[in-house]
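Reading through the structure tokens given below for one structure.
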Amino acid sequence: MIRQAQQFHDQIDAMKSWSHRAFADVTARAAVLDATDDEEGAEELREVARHLLTVADRVEGGDANRVRQP
Numbered sequence: 221m222i223r224q225a226q227q228f229h230d231q232i233d234a235m236k237s238w239s240h241r242a243f244a245d246v247t248a249r250a251a252v253l254d255a256t257d258d259e260e261g262a263e264e265l266r267e268v269a270r271h272l273l274t275v276a277d278r279v280e281g282g283d284a285n286r287v288r289q290p
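Reading the sequence shown from the start, the letters are residues 221 to 290 in the numbering used here.
Shown next as structure tokens:
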């Protein structure tokens, strides 16, 4: 039982880490598009980044039913 709990917490931590890394990557890509005057593409990526941040918030909030929803 303790092993399962530890695995669960490790998965939760991995999801939060992934969402933060993905947010940083997508935000950087949006900045590149901004620099090339592709404002529409940059705005789409910023919207994706906002959704990525909600993953960690949902995990922290214990909202397991919404973690996988866009």
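Yeah, the Cβ is synthetic: ideal placement off N, Cα and C, and Gly gets one too.
All values derive from a computational prediction rather than experimental measurement.
- For residue 251 and residue 224, the gap between their C-alpha atoms comes out near 41 angstroms.
- CA-to-CA, the gap between residue 260 and residue 254 works out to about 9 angstroms.
- In this structure, the straight-line span from the alpha carbon of residue 246 to that of residue 280 is close to 21 angstroms.
- The three-state reading of DSSP puts residue 221 in coil, since its state is none of H, G, I, E or B.
- Annotation for residue 265: 246, 247, 249, 250 and 253 place their beta carbon closer than 8 angstroms to its own, counting only its chain and skipping 5 residues before and after.
- Residue 239 is not a Cβ neighbour of residue 269, given a cutoff of 7 angstroms.
- In the displayed model, residue 281 falls within coil according to three-state DSSP, outside both helix and strand.
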